[in-house]
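A.B. asks: A single structure is presented below for examination.
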Amino acid sequence: MTFKILVTHKLIPEAMSFLATLSFALVMLVLAASPGPGVMATVSRALTSGFRPAMVVVCGIVFGDLIFLMFALFGLQFLAQSLGQLFVVVKIVGAGYLIWQGIKTFLNNDSSLSKRKQPLPTYGYFISGLTITLANPK
2 MTFKILVTHK LIPEAMSFLA TLSFALVMLV LAASPGPGVM ATVSRALTSG
52 FRPAMVVVCG IVFGDLIFLM FALFGLQFLA QSLGQLFVVV KIVGAGYLIW
102 QGIKTFLNND SSLSKRKQPL PTYGYFISGL TITLANPK
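In terms of my numbering, the sequence shown is numbered consecutively and its last residue is 139.
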C-alpha cells in the first residue's frame with residue numbers, strides 16, 4: 002500500500018520499461034568489462050618490470066581508491082566539487098603526458114627499451130598507481 006501511494010504521488014519515479022532496463026544493463030556490462038587505466042598500467046608494469054613492481058602499482062591504485070572512499074565517507078564531496086577545475090587541469094596534463102610518452106615510445110628504437118639498467122625506485126611505482134587513480138575521471 003505504501004509503495005503505491007509513493008508512486009502515485011511521484012516521490013518515486015515510475016519503473017523503467019523492460020527495453021530500457023535491458024539497454025541500461027547491457028551498457029553497464031560493457032563499461033564494467035572494459036579495462037580502465039588502472040588495469041592497463043598494472044598489466045604494462047607486470048610485462049615490463051615483473052610481478053613485484055606491478056604489485057606496488059596496485060598498492061598505489063588501492064591507496065587512491067581508499068582516498069576517494071574516505072572522501073565519500075566523510076562527506077567531503079564538496080572538496081572535489083570545489084576543486085573541479087583543478088581536476089580538469091590534471092586530466093589534461095595527464096592526457097598530454099600519455100600522448101607524449103606514446104609518441105616517444107613509437108619514435109624510439111625497440112632495443113632502447115630493453116637496455117634500461119636501473120629500475121624505477123619502489124616509491125615511483127606507488128606514485129604512478131596513485132596518480133592513475135586520482136586522475137581517473139570516473
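Don't be surprised by glycine CBs; every beta carbon is placed ideally from N, CA and C.
Which whole-angstrom value is the C-beta distance of residue 61 and residue 130, which I expect to be below 8 Å?
C.D. replies: The Cβ separation is near 2 Å, so the contact holds.
A.B. asks: Below 8 Å, how does it come out for the stretch 86-106 and the stretch 62-71: are there three or more Cβ pairs, yes or no?
C.D. replies: These segments do not touch.
A.B. asks: Please list, in chain order, all residues of the same chain as residue 54 whose beta carbon is under 6 Å from its beta carbon, the five residues on each side excluded.
C.D. replies: Closer than 6 Å at Cβ, skipping near neighbours: 46, 126.
A.B. asks: Residue 75 by DSSP, collapsed to three states: which one?
C.D. replies: Coil, per DSSP.
A.B. asks: Since residue 65 contacts residue 123 with CB under 8 Å, what's their CB separation in whole angstroms?
C.D. replies: About 17 Å separates the two Cβ atoms, so there is no contact after all.
A.B. asks: So residue 42 packs on residue 58, CB below 8 Å; how close in whole Å?
C.D. replies: About 6 Å separates the two Cβ atoms, so the contact holds.
A.B. asks: Of the choices 128, 137, 35, 121, whose alpha-carbon is the least far from that of residue 95?
C.D. replies: When each option's Cα is compared against that of residue 95, the closest is 137.
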